[in-house]
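Asker: Protein chains in written order, with full-length UniProt numbering: chain B, 1 to 241; chain R, 1 to 241. Next up is a structure, given as structure tokens.
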DNA sequence: GATAACTTGCACAGCCATGTGCAAGTTAGT
DNA sequence: ACTAACTTGCACATGGCTGTGCAAGTTATC
């Protein structure tokens, strides 16, 4: 008695194609937030026309991306806490690193126009967490006090995105990338590199286990990312400059 | 005997209009590198058609912008040297801060596509200078050694752009902005915030005089930047679709 | 004040991207 | 195997931006 209502249930491959489209969009838009739907469809291995069978407009696709990205990130940050604001910040870095792909799509999309507000709300958990750690770290005398806290938090955020770019571009392995994101974040906050390195080294592996874990399920984007001739095709080296 | 060749010399206001266009382009493209020429013409107070009287294509206008920006920056960096790599890096920061507008236009344009190479070459003096200071600082044990020098230089560069954004956005005064750019650059390099602050404070004013100077001539873009109702006016939001 | 230089406004072509409709396929479920 | 679900390829309307031609203005310069 599956479904007596409709004459037939939706097909399973349709669902798969929908996923493929979202994944493709994630890959393509990370490189160019204004890419055409044709490009997305191509990356997904479908026709442009079929894409409209799943999303009735470009904006609807964007909305889906934003929603998913935001959810992934919130989830990842959900249980990141630590009494030492320095370690807290480092852990945020590690969590973010585990979600690079998502974060970078959001960051890219943020540059656009009308998405700003949506993206902002998607990233707000990160922002809040960073802000809390920053503020605590400044009070404790660890972080620089020569800048208003909001600006500092913003700087750390911006720097983090930059680091993600570099890390991805230079093809660091998981551990190295995570380490870089953590230490540079701390540096911008105000620590010297020796302090940052030492601090990060002192973090018990158990705290990082969640992300460094072997088969950390639910890795939506990873496949797409690996297969991304994307990064290679575009940037080559010019990158940001 | 001005010019016996042509029946009449070009008019002076034409030159002024050309300048206005370039300035407008600088303002508009800094916000949105893909803005239409209509937007540029409007910002310049001219018609789109008139614009084509000065630049035969969009690319020609871009080229002019790139060339000027590159020239300004090279010039600003020409006599930035110091034996202490930390101070060298800080001074680069100060020099860059004096050219924020230019740098930001270039950085924006860099995200585009076919411009990559041109932009890259325009910014190459900065890159080279940063790389030199970075490498020297690492050798001296001041900067972090846990990252390959090229990546570190890249990180510093990226961070600098981020700082410029924040600084401009939060409307810091000249001195504060310069200070921020210098210290955060040093932080990413690896110094603690106390070290960075102390170091920057120790830099004799004479070394900064060049930029902090009252009427440092040749400030091409400053007027345009100040007058930019740009940021406010444009966005509206409709944007794409 | 005559004349060339410059601007404007309009009309036009071309290109590219978005959405949509429809007829003909192909493929998954029952 | 039959049928509905899904995909494809095409055609089409719409809208934005570029680049150009031309006639009619305005303004600097001689």
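Note that CB positions come from ideal geometry on N, CA and C, so glycine has one too. Since the model is a prediction, treat every value here as computed from it, not as a measurement.
Are residue 199/R and residue 94/R close, meaning C-beta to C-beta below 9 Å?
Answerer: Position 199 of the second chain, counting from 1, holds the residue named residue 199/R. Position 94 of the second chain, counting from 1, holds the residue named residue 94/R. No. Outside cutoff.
Asker: Taking its Cβ as the centre, do 16 or more other Cβ atoms sit within 10 Å of residue 60/R, making it buried, or is it exposed?
Answerer: For the purposes of this step, residue 60/R is taken as residue 60 along the second chain, with counting starting at 1. So residue 60/R ends up on the exposed side.
Asker: Between residue 180/R and the rest of its own chain, which residues show a CB-CB distance below 8 Å, the 5 nearest in sequence each way excluded?
Answerer: By 1-based counting over the second chain, the position of residue 180/R is 180. Closer than 8 Å at the Cβ level, and outside the excluded window around residue 180/R, lie 163, 166, 167, 172.
Asker: State the start and end residues of the unbroken alpha helix (DSSP H) segment that holds residue 66/R.
Answerer: Taking the second chain and counting its residues from 1, the one referred to as residue 66/R is at position 66. Looking at the DSSP string, the run of the alpha helix (DSSP H) that includes residue 66/R is 58-77.
Asker: Enumerate, from N- to C-terminal direction, the unbroken alpha helix (DSSP H) stretches of 4 or more residues contained entirely within the stretch 111-193 of chain R.
Answerer: Entirely contained in the stretch 111-193 of chain R, the alpha helix (DSSP H) runs reaching 4 residues are, in chain order, 116-139, 149-169, 174-189.
Asker: Using only alpha-carbon positions, find the residue among 58/B, 75/B, 64/B that is nearest to residue 38/B.
Answerer: Position 38 of the first chain, counted from the start, is the residue given in the question as residue 38/B. For residue 38/B, the nearest C-alpha among the options comes from 58/B.
Asker: Please classify residue 45/R: does DSSP put it in a helix, a strand, or coil?
Answerer: Here residue 45/R corresponds to residue number 45 of the second chain, with the count starting at 1. In the structure shown, residue 45/R sits in coil (DSSP, three-state: anything other than H, G, I, E or B).
Asker: Assess contact between the stretch 189-198 of chain R and the stretch 174-194 of chain B, defined as three or more Cβ pairs (one per stretch) separated by less than 8 Å. Is contact present?
Answerer: In short, these stretches touch, since the Cβ pair count reaches three.
Asker: With a Cβ-Cβ cutoff of 9 Å, do residue 133/B and residue 123/B count as a contact?
Answerer: As a position in the first chain, residue 133/B is number 133, starting the count at 1. As a position in the first chain, residue 123/B is number 123, starting the count at 1. Contact flag unset, no.
Asker: Give me, in chain order, the residues of the same chain whose beta-carbon lies closer than 8 Å to that of residue 105/R; leave out the 5 immediate sequence neighbours on both sides.
Answerer: The residue labelled residue 105/R in the question sits at position 105 within the second chain. Correct list, in chain order: 26, 29, 30, 65, 69.
Asker: Can you list, in chain order, the residues of its chain whose CB lies under 8 Å from that of residue 40/B, leaving out five sequence neighbours each side?
Answerer: In the first chain, counting from the first residue as 1, residue 40/B sits at position 40. Once the five neighbours on either side are set aside, the close Cβ partners of residue 40/B are 21, 24, 25, 28, 29, 51, 61.
Asker: Under 8 Å between beta-carbons, which chain R residues line up against residue 137/B? List them in chain order, please.
Answerer: Numbered from 1 along the first chain, position 137 holds the residue referred to as residue 137/B. Correct list: empty, because the minimum Cβ distance to chain R is about 11 Å.
Asker: For residue 9/B, which three-state DSSP category applies?
Answerer: Against the first chain, residue 9/B aligns to sequence position 9. DSSP places residue 9/B in coil when its eight states are reduced to three.
Asker: Shorter than 9 Å from the beta carbon of residue 90/R to some beta carbon of chain B?
Answerer: In the second chain, counting from the first residue as 1, residue 90/R sits at position 90. No, because no Cβ of chain B sits closer than 9 Å to the Cβ of residue 90/R.
Asker: What is the residue span of the alpha helix (DSSP H) that residue 88/B lies within?
Answerer: Here residue 88/B corresponds to residue number 88 of the first chain, with the count starting at 1. That run of the alpha helix (DSSP H) goes 85-98.
Asker: So, is residue 129/B buried or exposed, given that buried needs 16 or more other C-beta atoms within 10 angstroms?
Answerer: By 1-based counting over the first chain, the position of residue 129/B is 129. Classification for residue 129/B: buried.
Asker: Can a CB atom of chain R be found closer than 9 Å to the CB of residue 180/B?
Answerer: Here residue 180/B is taken as the residue at index 180 of the first chain, counted from 1. Judged by the 9 Å Cβ criterion, residue 180/B is in contact with chain R.
Asker: Using a cut-off of 7 Å between C-beta atoms, extract the partners of residue 242/R located in chain B.
Answerer: Because chain R spans 1 through 241 in this model, residue 242/R falls outside it and cannot be assessed.
Asker: Anything in chain B within Cβ reach of residue 190/R, meaning under 7 Å, just list it in chain order.
Answerer: On the second chain, residue 190/R is found 190 positions in, with the first residue counted as 1. Simply 187, 192, 193.
Asker: Anything in chain R within Cβ reach of residue 184/B, meaning under 7 Å, just list it in chain order.
Answerer: As a first step, residue 184/B is located in the first chain; it is residue number 184 there, counting from the start. Residues of chain R passing the Cβ test: 155, 188.
Asker: DSSP three-state call for residue 35/R: helix, strand or coil?
Answerer: Here residue 35/R corresponds to residue number 35 of the second chain, with the count starting at 1. Of the three classes helix, strand and coil, the one that applies to residue 35/R here is coil, per DSSP.
Asker: Can you list, in chain order, the residues of the UniProt domain "HTH tetR-type" (15-73) of chain R whose Cβ is nearer than 9 Å to any Cβ on chain B?
Answerer: Those would be 32, 34, in chain order.
Asker: Would DSSP call residue 30/R helix, strand or coil?
Answerer: Taking the first residue of the second chain as position 1, residue 30/R is located at position 30. Reduced to three states, the DSSP call for residue 30/R is helix.
Asker: Flag this pair as yes or no: are the beta carbons of residue 85/R and residue 160/R separated by less than 9 Å?
Answerer: Taking the first residue of the second chain as position 1, residue 85/R is located at position 85. Taking the first residue of the second chain as position 1, residue 160/R is located at position 160. Contact flag unset, no.
Asker: Taking the straight line between their C-alpha atoms, what separation do you get for residue 100/B and residue 145/B?
Answerer: Working through the first chain from its first residue, we reach residue 100/B at position 100. Working through the first chain from its first residue, we reach residue 145/B at position 145. Taking the straight line from one Cα to the other gives about 29 Å.
Asker: By the 10 Å Cβ neighbour count, where 16 or more other Cβ atoms means buried, how is residue 54/B classified, buried or exposed?
Answerer: As a first step, residue 54/B is located in the first chain; it is residue number 54 there, counting from the start. With 16 or more other Cβ atoms within 10 Å, it is buried.
Asker: Between the alpha carbons of residue 187/B and residue 205/B, how many angstroms are there, rounded?
Answerer: Working through the first chain from its first residue, we reach residue 187/B at position 187. Working through the first chain from its first residue, we reach residue 205/B at position 205. So the alpha carbons of these two residues sit roughly 21 Å apart.
Asker: Out of 72/B, 34/B, 87/B, 73/B, point me to the one whose CA is closest to residue 202/B's CA.
Answerer: Residue numbering aside, residue 202/B sits at position 202 when the first chain is read from its first letter. It is 87/B whose Cα lies nearest to the Cα of residue 202/B.
Asker: Please list, in chain order, all residues of the same chain as residue 17/R whose beta carbon is under 8 Å from its beta carbon, the five residues on each side excluded.
Answerer: Taking the second chain and counting its residues from 1, the one referred to as residue 17/R is at position 17. Cβ neighbours of residue 17/R beyond the five flanking positions: 44, 46, 50, 54.
Asker: I think residue 138/B touches residue 126/B, with their Cβ atoms under 8 Å apart; what is that distance to the nearest whole Å?
Answerer: Here the question's residue 138/B lines up with position 138 in the first chain. Here the question's residue 126/B lines up with position 126 in the first chain. Actually they are not in contact, since the Cβ atoms of residue 138/B and residue 126/B sit about 18 Å apart, beyond 8 Å.
Asker: Who are the near neighbours of residue 208/R in its chain, counting only those whose CB is closer than 7 Å to its CB and skipping five residues on each side?
Answerer: Along the second chain, one-based indexing puts residue 208/R at 208. Once the five neighbours on either side are set aside, the close Cβ partners of residue 208/R are 94.
Asker: I want to verify the contact list: residues of chain B whose CB lies under 8 Å from the CB of residue 100/R, in sequence order.
Answerer: The count along the second chain starts at 1 and reaches residue 100/R at position 100. Those do not exist, as residue 100/R stays about 15 Å from chain B at its closest Cβ, beyond 8 Å.
Asker: With DSSP as the reference, label residue 80/R as helix, strand or coil.
Answerer: Looking up residue 80/R in the second chain gives position 80. Note: residue 80/R maps to coil in three-state DSSP.
Asker: Just mark residue 15/B as buried or exposed, buried being the case when its beta carbon has 16 or more other beta carbons within 10 Å.
Answerer: Taking the first residue of the first chain as 1, we reach residue 15/B at position 15. Its Cβ having fewer than 16 others within 10 Å, residue 15/B is exposed.
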